[in-house]
Amino acid sequence: MYAITIPEPGGPEALVWTEVPDPVPGEGEVVVEVVASAINRADLLQRQGFYDPPPGASVYPGMECSGRIAEVGPGVTGWAVGDEVCALLAGGGYAQKVAVPYGQLLPVPKGIELVHAAALPEVTATVWSNVFMVAHLRPGETLLVHGGASGIGTMAIQLAKAVGARVAVTAGSAQKLERCRELGADILINYHEQDFVAELKQATDGAKADVILDNMGAKYLGRNVDALAVNGRLAVIGLQGGTKGELDLGKMLAKRAAVTATSLRGRPLGEKAAIIAAVREHVWPLLENGQVRPVIDRVLPMADAAQGHQVLEEGGHVGKVLLIA
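Counting with full-length UniProt numbering, you get residues 1 to 325 for the letters of the sequence shown.
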């Protein structure tokens with residue numbers, strides 16, 4: 001088969017489409033013939049040499065895919081050759097085939113194209129596990145999403161609205177904020193021109209955010225705590241703004257607030273399977289009835305993955321960038 005390899009860390013040009021050995025399914029795994037994959041920021045970090053795959057995972061980038069099951073390994077139940085699926089991966093999505101633990105498979109939702117289903121596993125698992133399983137967003141509460149026009153942001157807006165929450169977003173342009181509004185965002189904040197703490201306070205009559213989904217990390221830590229409501233919950237899922245920040249425990253105590261930080265890629269298989277099961281139960285019906293949909297910025301040939309990485313680095317996209325195998 002062919003896959004995107006990274007012979008040496010570097011810029012987008014470091015991605016090389018080359019022939020490699022086919023994967024073999026292990027115990028509890030299937031091999032998926034990949035139709036499409038999607039680009040995530042973790043892939044950019046891996047390409048740069050900053051984010052190695054977990055032990056035992058494929059060395060090729062790509063943390064989600066859609067396709068058809070080509071082989072079923074020992075110990076697999078509930079899936080058969082030919083099933084159309086999408087999957088959460090620890091790596092290997094930028095390839096024509098990938099081996100996947102069967103607990104990380106999802107059926108393609110009714111009404112969603114097979115190619116577009118590649119945009120779903122990572123964002124739905126990330127948003128559902130953090131916003132709902134960890135931070136317990138409830139109807140009537142306010143969610144603040146940083147990077148509202150990203151793949152994760154566009155999914156977070158829709159899921160929060162589907163459960164009856166109010167949504168505030170930050171984004172870097174009027175065009176991106178308009179797309180967020182179209183998806184249901186109620187409070188629109190241009191982070192280049194506005195202070196999100198002040199804007200959120202004004203828009204909520206001082207109540208602020210019950211839950212914050214943050215992709216920035218250290219750069220936003222202090223202001224995120226300021227933006228939390230009493231009993232607020234901050235879920236950190238990215239470190240684009242650095243890894244080390246100062247946390248004012250006095251403010252945390254006064255607000256009875258909580259800060260969590262999670263990632264998906266390195267979790268044990270059982271934890272991933274539990275998240276995928278929750279996504280299938282709670283998110284898939286919303287996709288199938290049309291309340292929620294994948295937001296696709298563009299679709300590129302997988303051999304042109306370097307172009308897709310450049311798109312993410314430039315930051316002008318809205319939603320997901322897909323790669324067709």
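Quick reminder that beta carbons are idealized off the backbone N, C-alpha and C, glycines included.
query: First and last residue of the alpha helix (DSSP H) that includes residue 223?
result: Translated into the one-based positions of the sequence shown, residue 223 becomes position 223. In the DSSP assignment, residue 223 falls within the unbroken alpha helix (DSSP H) covering 221-227.
query: Leaving out five residues before and five after residue 120 in sequence, what residues of the same chain have Cβ atoms less than 7 Å from its Cβ?
result: On the sequence shown, position 120 is the one that residue 120 refers to. Answer for residue 120: 86, 294, listed in chain order.
task: Within its chain, find whatever has a CB closer than 7 Å to the CB of residue 307; leave out the 5 residues flanking it on each side and keep chain order.
output: Within the sequence shown, numbered from 1, the residue matching residue 307 stands at position 307. Same-chain partners within the cutoff: 300.
Straight-line Cα distance separating residue 266 from residue 7: Taking the first residue of the sequence shown as position 1, residue 7 is located at position 7. Taking the first residue of the sequence shown as position 1, residue 266 is located at position 266. Approximately 23 Å between the Cα atoms of the pair.
message: Taking the alpha carbon of residue 303 as the reference point, which residue from 28, 37, 32 has its own alpha carbon closest?
response: The residue labelled residue 303 in the question sits at position 303 within the sequence shown. Measuring from the Cα of residue 303, the nearest candidate turns out to be 37.
message: Residues in the same chain with beta-carbon distance under 7 Å from residue 224, minus the five sequence neighbours each way, listed in chain order, please.
response: For this step, residue 224 is matched to residue 224 along the sequence shown. Here the set comprises 212, 214, 234.
message: Here's the rule I'm using: 16 or more other beta-carbon atoms within 10 Å means buried, otherwise exposed. How should residue 77 be labelled?
response: Residue numbering aside, residue 77 sits at position 77 when the sequence shown is read from its first letter. Around the beta-carbon of residue 77, fewer than 16 other beta-carbon atoms lie within 10 Å, marking it exposed.
Every unbroken alpha helix (DSSP H) inside the stretch 120-203 [4 residues or more]: 121-127, 151-162, 174-183, 196-203, all fully within the stretch 120-203.
- prompt: Given a threshold of 16 other Cβ atoms within 10 Å of its Cβ, counted over all protein chains shown, does residue 139 qualify as buried or as exposed?
  reply: Along the sequence shown, read from residue 1 onward, the residue named residue 139 stands at position 139. With fewer than 16 Cβ atoms within 10 Å of its Cβ, residue 139 is classed as exposed.
Chain-order list of residues whose beta-carbon lies under 7 Å from that of residue 54 (same chain, five-residue window excluded): If you number the sequence shown from 1, residue 54 lands on position 54. Around residue 54: 90, 265, 266.
- request: Mind checking which residues open and close the beta strand (DSSP E) that includes residue 250?
  value: By 1-based counting over the sequence shown, the position of residue 250 is 250. Segment 249-255 is the alpha helix (DSSP H) holding residue 250; no beta strand (DSSP E) there.
message: Taking the alpha carbon of residue 156 as the reference point, which residue from 319, 324, 325, 323 has its own alpha carbon closest?
response: Within the sequence shown, residue 156 is the residue found at index 156, counting from 1. Among 319, 324, 325, 323, the Cα nearest to that of residue 156 is on 319.
query: What are the residues that DSSP puts in a beta bridge with residue 267?
result: By 1-based counting over the sequence shown, the position of residue 267 is 267. Residue 267 pairs with nothing; no bridge assigned.
message: In whole angstroms, give me the CA-to-CA distance for residue 229 and residue 218.
response: Along the sequence shown, read from residue 1 onward, the residue named residue 229 stands at position 229. Along the sequence shown, read from residue 1 onward, the residue named residue 218 stands at position 218. Approximately 19 Å between the Cα atoms of the pair.
task: Whole angstroms is fine: what's the gap from residue 309's alpha carbon to residue 285's?
output: Taking the first residue of the sequence shown as 1, we reach residue 309 at position 309. Taking the first residue of the sequence shown as 1, we reach residue 285 at position 285. Spanning the two alpha carbons is a distance of roughly 31 Å.
field: Through-space distance from residue 15 to residue 258, alpha-carbon basis
entry: By one-based count along the sequence shown, residue 258 stands at place 258. By one-based count along the sequence shown, residue 15 stands at place 15. Computed Cα separation, rounded: 39 Å.
Neighbour-count burial assignment, residue 123, 16 or more Cβ in a 10 Å radius: As a first step, residue 123 must be located in the sequence shown, where it is residue number 123. Residue 123 sits buried, since 16 or more C-beta atoms from the chains shown fall within 10 Å of its C-beta.
field: Endpoints, the beta strand (DSSP E) within which residue 297 is located
entry: Here the question's residue 297 lines up with position 297 in the sequence shown. Element bounds for residue 297: 296-301.
query: Is it true that the CB of residue 191 sits closer than 8 Å to the CB of residue 170?
result: Within the sequence shown, residue 170 is the residue found at index 170, counting from 1. Within the sequence shown, residue 191 is the residue found at index 191, counting from 1. For residue 170 and residue 191, yes; Cβs fall inside 8 Å.
query: What do you reckon, are the CB atoms on residue 70 and residue 110 nearer than 8 Å?
result: Taking the first residue of the sequence shown as position 1, residue 70 is located at position 70. Taking the first residue of the sequence shown as position 1, residue 110 is located at position 110. Result no, Cβ atoms of residue 70 and residue 110 do not sit closer than 8 Å.
- request: Going by CA-CA distance only, name the one from 240, 101, 252 that's closest to residue 50.
  value: For the purposes of this step, residue 50 is identified with residue 50 of the sequence shown, where counting begins at 1. The shortest Cα separation from residue 50 among 240, 101, 252 belongs to 240.
- prompt: Sorted by chain position, which residues of the same chain lie with C-beta nearer than 7 Å to residue 162's C-beta, five sequence neighbours on each side aside?
  reply: Start at 1 with the first residue of the sequence shown, and residue 162 comes out as number 162. If we look at residue 162 and ignore the five residues flanking it on each side, its Cβ neighbours are 286, 291, 292.
query: Any chance the stretch 177-194 sits against the stretch 245-254, with 3 or more Cβ pairs inside 8 Å?
result: Between the stretch 177-194 and the stretch 245-254, the count of C-beta pairs closer than 8 Å stays below three; the two stretches do not touch.
message: Classify residue 52: buried if its beta carbon has 16 or more other beta carbons within 10 angstroms, exposed otherwise.
response: One-based indexing of the sequence shown puts residue 52 at position 52. Exposed, because fewer than 16 other Cβ atoms sit within 10 Å of the Cβ of residue 52.
query: Are the beta-carbon atoms of residue 100 and residue 32 separated by less than 8 Å?
result: Position 100 of the sequence shown holds residue 100. Position 32 of the sequence shown holds residue 32. Yes, the Cβ-Cβ distance between residue 100 and residue 32 is below 8 Å.
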